[in-house]
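In our numbering, the protein residues as written are 3 to 125. Heads up, the beta-carbon is just placed ideally off N, CA and C, and yes, glycines get one too. Nothing here was measured: the structure is a model prediction, and the numbers come from that model. Scroll down for the structure; my scribbles are underneath it.
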């Protein structure tokens, strides 16, 4: 099956610490596996950008999309790859988002802080 995959990254992406690199790599890996298995996409774009405080991974496809509201139901257990991505990102103080439109595709965004979050002070 022919797919066109594009990739862009900011200069210096390789200087991220190992924890953040690993989290973003695993999110990209799981996302691409899901696209291959389920999306029927012909175009996939992977972008890695940097803001003042965060590194953002965005993966978009033009596949069949799905109803994201179903992820809030008890069927979450059927989507362990998505759960794992969210958990990994949140463990390093980041945020994870999925936007999907049936018949148009899906965008997964993982944003991780550039620096490690400071430990919370105990009262």
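query: By Cβ distance, which residues of its chain are closer than 7 Å to residue 49, with the 5 residues on each side in sequence left out?
result: Walking along the chain shown from the start, residue 49 turns up at place 47. For residue 49, where only same-chain residues beyond five positions count, the Cβ hits under 7 Å are 10 and 60.
task: Would you give the residue range spanned by the alpha helix (DSSP H) that residue 33 belongs to?
output: What you label residue 33 is simply residue 31 of the chain shown in a count that begins at 1. For residue 33, the enclosing alpha helix (DSSP H) stretches over residues 20 to 36.
task: Determine the burial state of residue 93: buried for a count of at least 16 other Cβ atoms within 10 Å of its Cβ, exposed for fewer.
output: One-based indexing of the chain shown puts residue 93 at position 91. With fewer than 16 other beta carbons inside 10 angstroms of its own, residue 93 counts as exposed.
message: Quick check on the DSSP output: the beta strand (DSSP E) that includes residue 85 runs from which residue to which?
response: Looking up residue 85 in the chain shown gives position 83. Looking at the DSSP string, residue 85 is not in any beta strand (DSSP E); the run it does join, the alpha helix (DSSP H), is 82 to 93.
message: Our contact map puts residue 26 next to residue 57 with C-beta atoms below 8 Å; I'd like the distance itself, whole angstroms only.
response: Within the chain shown, residue 26 is the residue found at index 24, counting from 1. Within the chain shown, residue 57 is the residue found at index 55, counting from 1. For residue 26 against residue 57, the beta-carbon gap comes to about 7 Å, under 8 Å, which counts as contact.
- prompt: With 16 other CB atoms within 10 Å as the buried threshold, where does residue 102 fall?
  reply: Residue mapping note: residue 102 aligns to position 100 of the chain shown, counting from 1. The residue is buried, with at least 16 neighbouring Cβ atoms inside 10 Å.
query: With distances taken between CB atoms, is the gap from residue 20 to residue 45 smaller than 7 Å?
result: Counted from its first residue, the chain shown places residue 20 at position 18. Counted from its first residue, the chain shown places residue 45 at position 43. One thing to note: residue 20 has its Cβ no nearer than 7 Å to the Cβ of residue 45.
task: Take residue 91 and list the residues in its own chain whose beta-carbon comes closer than 8 Å to its own, dropping the five residues that flank it on each side.
output: As a position in the chain shown, residue 91 is number 89, starting the count at 1. Apart from sequence neighbours up to five positions away, the residues of its chain that approach residue 91 with a beta-carbon distance below 8 Å are 25, 29, 97, 98, 112, 113 and 114, ordered along the chain.
- prompt: Among residues of its own chain, excluding the 5 on either side of residue 104, which ones have a beta-carbon nearer than 6 Å to its beta-carbon?
  reply: For this step, residue 104 is matched to residue 102 along the chain shown. Only 67 meet the Cβ criterion.
message: Rounded to the nearest angstrom, what separates residue 16 and residue 52 at their Cα positions?
response: Walking along the chain shown from the start, residue 16 turns up at place 14. Walking along the chain shown from the start, residue 52 turns up at place 50. CA-to-CA, the gap between residue 16 and residue 52 works out to about 12 Å.
Extent of the continuous beta strand (DSSP E) to which residue 50 belongs: One-based indexing of the chain shown puts residue 50 at position 48. According to the DSSP assignment, residue 50 belongs to the beta strand (DSSP E) that extends over 45 to 52.
query: From residue 69 to residue 13, what distance separates their C-alpha atoms?
result: The residue labelled residue 69 in the question sits at position 67 within the chain shown. The residue labelled residue 13 in the question sits at position 11 within the chain shown. Approximately 35 Å, taken between the alpha carbons.
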